[in-house]
Amino acid sequence: MLLPLEWLKDYLDIDESAEKIADLLVSIGMEVESFKDTPTGKVFEIELTPNRGDCASVVGLARELAAALGKPFSIPEREIFEEGEPLSSIYNVSVDEPLFAPVYHLRLIRGVEVGESPDWLKERLLAAGQRPLNSVVDATNYLMLELNQPLHAFDADKIQGKTIIVRRGGEGEEFLALDGEKILLTPEDTVISGGGRPIALGGVVGGENSGVTDKTQNILLESAYFTPRVISATERRHGIKTEASYRFSRGTDPGGALKALDRAALMISELTGGKIAQGALSVDNMPLKGAKVEVKVPYINKPLGTDLKSSHIKKLLVPLEFTVREEDEETLFIEIPSFRGDVRRPSDIAEEVARTYGYDNIKSTLPTSSITTELLRQADPFKKSEQVLACSGYSQAVTLSLSSSKSALDAGMNERELVFVDNPINVNMDILKPSILFGLLEAAVYNVNQGRKDVSLFERGPIFRKGGENLYEREALGFLSATEDFFEIKKTVLTILEALRLDFTIDYPSGSPLFDSEASALIKISGGEIGAFGLLSENLMKTVPNAKKSFSGGYIILSELLKETNLDRKYVPWSPYPSVFRDISIVVNTSLTHSAIYDNIFQSGGRILKNIRLFDTFRNERIGEGKKSMSYELEFNSNDKTLTSEEVEVKMKIILENLEDSFDATLREL
Amino acid sequence: MNFKKEYEKLASIAADEILSAKGREKLEEIKIKFLGRKGQLSLLMKNLGSLEAEERPIWGGKLNSLKKKLTQALEEKVKELLDESKKYEAIDYTLPTGDISLPGRNPVLSVLEDVSEIFTEMGFGIAYGPEIETDYTNFTALNFMDDHPARDMHDTFYLRDSDMLLRTHTSPVQIRIMQNYPPPYKFIAPGKCYRRDTIDASHLPVFHQVEGLMVDKDVNFSHLKGILDEFARRFFKEKIQTRFRPSFFPFTEPSAEMDIACTICEGKGCPSCGGNGWLEILGAGMVDPEVFRHCGVDSNIWQGFAFGMGVERMAMIKYGIDDLRLFFQNDLRFLEQF
Numbered sequence: 038m039l040l041p042l043e044w045l046k047d048y049l050d051i052d053e054s055a056e057k058i059a060d061l062l063v064s065i066g067m068e069v070e071s072f073k074d075t076p077t078g079k080v081f082e083i084e085l086t087p088n089r090g091d092c093a094s095v096v097g098l099a100r101e102l103a104a105a106l107g108k109p110f111s112i113p114e115r116e117i118f119e120e121g122e123p124l125s126s127i128y129n130v131s132v133d134e135p136l137f138a139p140v141y142h143l144r145l146i147r148g149v150e151v152g153e154s155p156d157w158l159k160e161r162l163l164a165a166g167q168r169p170l171n172s173v174v175d176a177t178n179y180l181m182l183e184l185n186q187p188l189h190a191f192d193a194d195k196i197q198g199k200t201i202i203v204r205r206g207g208e209g210e211e212f213l214a215l216d217g218e219k220i221l222l223t224p225e226d227t228v229i230s231g232g233g234r235p236i237a238l239g240g241v242v243g244g245e246n247s248g249v250t251d252k253t254q255n256i257l258l259e260s261a262y263f264t265p266r267v268i269s270a271t272e273r274r275h276g277i278k279t280e281a282s283y284r285f286s287r288g289t290d291p292g293g294a295l296k297a298l299d300r301a302a303l304m305i306s307e308l309t310g311g312k313i314a315q316g317a318l319s320v321d322n323m324p325l326k327g328a329k330v331e332v333k334v335p336y337i338n339k340p341l342g343t344d345l346k347s348s349h350i351k352k353l354l355v356p357l358e359f360t361v362r363e364e365d366e367e368t369l370f371i372e373i374p375s376f377r378g379d380v381r382r383p384s385d386i387a388e389e390v391a392r393t394y395g396y397d398n399i400k401s402t403l404p405t406s407s408i409t410t411e412l413l414r415q416a417d418p419f420k421k422s423e424q425v426l427a428c429s430g431y432s433q434a435v436t437l438s439l440s441s442s443k444s445a446l447d448a449g450m451n452e453r454e455l456v457f458v459d460n461p462i463n464v465n466m467d468i469l470k471p472s473i474l475f476g477l478l479e480a481a482v483y484n485v486n487q488g489r490k491d492v493s494l495f496e497r498g499p500i501f502r503k504g505g506e507n508l509y510e511r512e513a514l515g516f517l518s519a520t521e522d523f524f525e526i527k528k529t530v531l532t533i534l535e536a537l538r539l540d541f542t543i544d545y546p547s548g549s550p551l552f553d554s555e556a557s558a559l560i561k562i563s564g565g566e567i568g569a570f571g572l573l574s575e576n577l578m579k580t581v582p583n584a585k586k587s588f589s590g591g592y593i594i595l596s597e598l599l600k601e602t603n604l605d606r607k608y609v610p611w612s613p614y615p616s617v618f619r620d621i622s623i624v625v626n627t628s629l630t631h632s633a634i635y636d637n638i639f640q641s642g643g644r645i646l647k648n649i650r651l652f653d654t655f656r657n658e659r660i661g662e663g664k665k666s667m668s669y670e671l672e673f674n675s676n677d678k679t680l681t682s683e684e685v686e687v688k689m690k691i692i693l694e695n696l697e698d699s700f701d702a703t704l705r706e707l
Numbered sequence: 109m110n111f112k113k114e115y116e117k118l119a120s121i122a123a124d125e126i127l128s129a130k131g132r133e134k135l136e137e138i139k140i141k142f143l144g145r146k147g148q149l150s151l152l153m154k155n156l157g158s159l160e161a162e163e164r165p166i167w168g169g170k171l172n173s174l175k176k177k178l179t180q181a182l183e184e185k186v187k188e189l190l191d192e193s194k195k196y197e198a199i200d201y202t203l204p205t206g207d208i209s210l211p212g213r214n215p216v217l218s219v220l221e222d223v224s225e226i227f228t229e230m231g232f233g234i235a236y237g238p239e240i241e242t243d244y245t246n247f248t249a250l251n252f253m254d255d256h257p258a259r260d261m262h263d264t265f266y267l268r269d270s271d272m273l274l275r276t277h278t279s280p281v282q283i284r285i286m287q288n289y290p291p292p293y294k295f296i297a298p299g300k301c302y303r304r305d306t307i308d309a310s311h312l313p314v315f316h317q318v319e320g321l322m323v324d325k326d327v328n329f330s331h332l333k334g335i336l337d338e339f340a341r342r343f344f345k346e347k348i349q350t351r352f353r354p355s356f357f358p359f360t361e362p363s364a365e366m367d368i369a370c371t372i373c374e375g376k377g378c379p380s381c382g383g384n385g386w387l388e389i390l391g392a393g394m395v396d397p398e399v400f401r402h403c404g405v406d407s408n409i410w411q412g413f414a415f416g417m418g419v420e421r422m423a424m425i426k427y428g429i430d431d432l433r434l435f436f437q438n439d440l441r442f443l444e445q446f
């Protein structure tokens with residue numbers, strides 16, 4: 038809200054600089070966004086917290102400021118001058134739904150001449166950001182800005198009948214607002230009706246049928262306390278927000294509505310020459326307008342870390358119009374003013390004390406309590422996987438977790454597994470990422486299109502799938518590289534799995550729609566799938582526009598590994614005896630895989646076979662069509678003794694025989 | 109042979125030849141010629157027998173000292189030639205190595221790691237929670253009123269065919285921990301959060317937050333200031349100036365916002381801090397008794413504070429980044445700077 042410094046001076050003496058006032062406002066929780074010089078003086082722009090509706094007014098802020106400065110504060114009072122027939126003998130008011138409008142007041146001003154407002158009023162309104170319209174509207178706006186009490190002026194002659202009813206709206210009842218917009222009411226809306234038809238959507242906007250114009254002669258002026266919850270529901274339901282609804286939904290002062298009405302009536306009468314009818318029509322269903330709270334002094338000091346005496350607390354609260362009675366040294370009885378609907382509980386009092394005592398005056402100390410939270414303090418078991426990727430030249434990316442269902446479906450994912458957002462910002466972000474590769478691929482393609490050649494990215498983040506009625510959120514690690522070399526990505530994957538000390542198996546090919554049908558593989562642990570890698574499938578590549586290059590990549594579902602990773606590792610001593618190395622070269626059918634040969638050798642080798650390393654493979658005319666040569670170096674070792682040549686030769690013989698038997702392999706002559 | 113004549117000849121020319129040798133190959137030849145197994149010196153040694161018995165020790169001694177002298181001369185010459193060759197074959201140590209490429213890091217995550225490290229050093233544990241949350245844990249238990257605007261479809265993402273939502277802050281982790289473990293508590297909860305904002309330079313629908321909670325029998329507002337001041341000193345610099353001012357959050361009371369003196373103008377006022385010399389960095393406050401009640405924690409016994417900060421904002425301040433979109437674009441030219 039905009040707060041003109043000159044206006045503040047109606048209620049307290051100010052000789053401090055605008056900078057000082059701004060600092061002071063900030064220190065009591067009224068954030069000053071800026072202050073500007075205007076032709077009519079300095080104006081502060083203040084960002085209010087939602088609990089302080091009362092400070093959306095000049096008086097509210099003046100009261101706070103006077104308390105902070107330790108200066109007297111008062112609202113200049115003037116007596117209301119009434120004449121003519123009493124209002125109660127002309128009009129009736131009936132509040133049919135007191136839950137919606139617990140306090141409701143009306144006054145009548147007769148014989149007004151609506152015109153332009155005087156310059157001083159127009160200037161004040163402009164300084165506070167309000168456009169002047171005519172003397173009646175300007176007066177109600179002025180009071181709203183001064184006291185945070187929205188008022189509504191009806192043209193009395195346009196209202197049929199003499200009974201004003203405050204009630205719930207009818208289901209589908211039509212209402213035409215001041216700006217000409219048609220609203221279909223519901224029973225959850227507050228309606229002011231006259232002569233059987235709605236003349237205002239209570240607390241929100243007046244009706245077109247009863248608005249004040251230049252020709253208006255008699256005015257019914259309304260000042261009420263509307264229930265905040267009801268007003269904010271109406272705002273949302275109909276998508277209307279007005280100055281009045283903003284204030285009512287934050288809470289106005291139920292105890293101040295009548296005073297505001299009197300001040301407004303007086304002002305209108307002075308500006309328009311109208312005469313105020315005797316008395317107001319008032320319906321008050323709210324006997325207790327401010328809370329009463331008993332607070333123990335330690336209850337305030339303990340959470341603040343202060344040692345304030347009850348007398349000190351009283352001194353802090355009284356200038357804010359709290360009534361404080363010291364029952365004994367430990368106990369305070371506090372009556373909270375009606376404009377402070379935000380203060381209801383002892384903890385609210387503690388907050389007021391802290392705020393007015395000053396956060397700066399509370400010492401900054403480190404806690405002495407030593408809390409052990411071992412339960413929550415676990416090392417990240419997957420940190421190593423990120424280190425491996427960084428060492429392999431992968432940069433760390435973070436992408437939005439929202440992605441497009443169209444891309445997911447085009448890439449071959451199952452619609453039933455996708456988790457849809459009900460209210461997406463746009464269609465490109467209508468699901469939660471079902472695979473960690475999605476945002477990552479876009480980022481990788483973006484970088485290639487920026488002219489980068491060596492693009493390698495990884496991301497660790499959540500992925501989301503639906504399984505029946507259940508939603509699954511799991512942590513995944515994804516990595517992509519601008520390479521078509523399957524073995525490069527395979528090496529990265531194996532390094533990660535080794536670094537995490539996992540017992541894994543690899544199945545070829547992956548069968549996943551995200552990867553190539555041949556150059557891909559699945560990673561399994563205890564038979565369960567935990568990831569996949571390979572060249573990316575064409576369908577996946579097509580989901581990103583302008584992808585000119587192919588990528589390889591992979592993912593690992595880290596959440597699935599949690600039970601498999603064991604951080605408690607024990608040292609294992611190595612053999613003090615030298616290893617014996619033997620080479621073996623065999624010729625086999627080209628269709629036979631390395632992994633089959635490996636497993637076979639591994640089976641035959643027994644405990645002393647420690648390592649099997651493929652060091653050469655080739656095909657040529659000499660070994661014949663459909664055949665290939667595979668050469669392995671085998672390492673033998675024992676923890677108990679130096680192995681003899683004879684022991685190793687025995688094993689080598691078994692290994693070769695088994696290869697011959699299983700695969701029809703022949704020993705290649707070297 | 110004439111032993112003495114041969115000796116004189118060797119003694120007079122050998123040293124000269126060694127000193128004037130050109131190149132190491134030549135020197136090697138000279139070495140073999142004079143000092144080799146079949147060299148001239150060995151030959152003379154073998155011929156010692158041709159001398160009179162009483163002359164032998166004298167000449168033997170002469171030969172030994174000549175051998176010593178020549179060996180020394182040879183060693184010196186080898187060294188000299190080596191030094192000389194170095195002069196011609198000097199290595200240019202300024203030549204480039206292969207390309208150096210350090211993988212990039214996303215600054216949001218490195219700041220998140222820095223922040224987490226500072227708090228773990230101060231004894232905080234780390235807790236995680238799901239990003240798909242319930243209305244109860246994300247709002248109700250945190251004392252948000254039923255009609256609080258944050259619950260609106262305009263501000264919060266809801267999931268289709270489900271009553272779940274995407275968490276709007278990491279505060280629900282507090283609730284989950286308090287509901288499942290007995291007090292005291294001292295932990296931070298880092299993670300991704302979601303708000304229904306359209307993407308521009310200062311808004312993103314996905315962002316990161318670090319939330320913290322410390323609850324014990326006597327943890328108070330003064331400790332809140334102490335811990336957060338210490339954090340600011342460790343994260344920014346030792347002599348950072350901080351300011352706490354009253355604010356409002358549904359889940360804390362009293363609530364505060366913490367500012368630091370602008371890192372660019374040192375508090376004098378500049379465009380970065382909107383001219384007022386302060387940068388807002390986090391929100392905090394004493395846990396509202398209502399939140400404790402929802403978690404089954406007795407607020408007559410336990411009290412404590414909570415705080416929360418936006419990680420992107422911290423990274424923007426730390427590295428002088430002015431556009432939020434950079435964090436999620438993953439341009440390598442950006443990532444490689446961190």
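Heads up: the protein sequence lines correspond to chains U and L, in order. The numbering of the first sequence is this note's numbering, which starts it at 38 and goes up by one. The numbering of the second sequence is this note's numbering, which starts it at 109 and goes up by one. Glycine included, each C-beta is placed from N, C-alpha and C at the ideal position. Source: prediction; values computed, not measured.
Here's the rule: buried if 16 or more other CB atoms are within 10 angstroms of the residue's CB, otherwise exposed. What is residue i?
| i | result |
| --- | --- |
| Lys325 (chain L) | exposed |
| Arg362 (chain U) | exposed |
Between the alpha carbons of residue i and residue j, how many angstroms are there, rounded?
| i | j | result |
| --- | --- | --- |
| Gly198 (chain U) | Gly231 (chain U) | 6 Å |
| Leu403 (chain U) | Pro335 (chain U) | 21 Å |
| Ala294 (chain U) | Asn185 (chain U) | 9 Å |
| Asp271 (chain L) | Asp243 (chain L) | 8 Å |
| Lys312 (chain U) | Phe352 (chain L) | 52 Å |
| Lys11 (chain U) | Asp406 (chain L) | Coverage of chain U is limited to positions 38 through 707, which leaves residue 11 (chain U) absent and any answer about it impossible. |
| Gln180 (chain L) | Ser668 (chain U) | 54 Å |
| Ala302 (chain U) | Lys278 (chain U) | 26 Å |
| Met790 (chain U) | Ile337 (chain U) | Nothing can be reported for residue 790 (chain U), as the shown portion of chain U is limited to 38 through 707. |
| Asp47 (chain U) | Gly383 (chain L) | 29 Å |
Just to check my reading of the structure: residue i and residue j have Cβ atoms closer than 8 Å, yes? What is that Cβ distance to the nearest angstrom?
| i | j | result |
| --- | --- | --- |
| Lys585 (chain U) | Val624 (chain U) | Not a contact, Cβ separation roughly 43 Å. |
| Ser260 (chain U) | Leu188 (chain U) | 5 Å |
| Leu435 (chain U) | Phe435 (chain L) | Checking the sequence, you will find Val at residue 435 (chain U) rather than Leu. Confirmed, about 7 Å. |
| Pro374 (chain U) | Ser438 (chain U) | Rounded, the Cβ-Cβ distance is 47 Å, inconsistent with contact. |
| Ala369 (chain L) | Ile348 (chain L) | 7 Å |
| Asp396 (chain L) | Asn251 (chain L) | 5 Å |
| Pro211 (chain L) | Gly430 (chain U) | 5 Å |
Would you identify the three-state DSSP class for residue i, choosing helix, strand or coil?
| i | result |
| --- | --- |
| Asn484 (chain U) | helix |
| Met323 (chain U) | coil |
| Asp175 (chain U) | helix |
| Arg274 (chain U) | helix |
| Arg300 (chain U) | helix |
| Cys301 (chain L) | strand |
Got a sec, what are the start and stop residues for the beta strand (DSSP E) residue i sits in?
| i | result |
| --- | --- |
| Pro83 (chain L) | Here chain L covers residues 109 to 446 and nothing more, so residue 83 (chain L) does not appear. |
| Pro123 (chain U) | Glu119 to Pro123 |
| Met253 (chain L) | Looking at the DSSP string, Met253 (chain L) is not in any beta strand (DSSP E), and its letter there is neither H nor E. |
What is the residue span of the alpha helix (DSSP H) that residue i lies within?
| i | result |
| --- | --- |
| Glu684 (chain U) | Ser682 to Phe700 |
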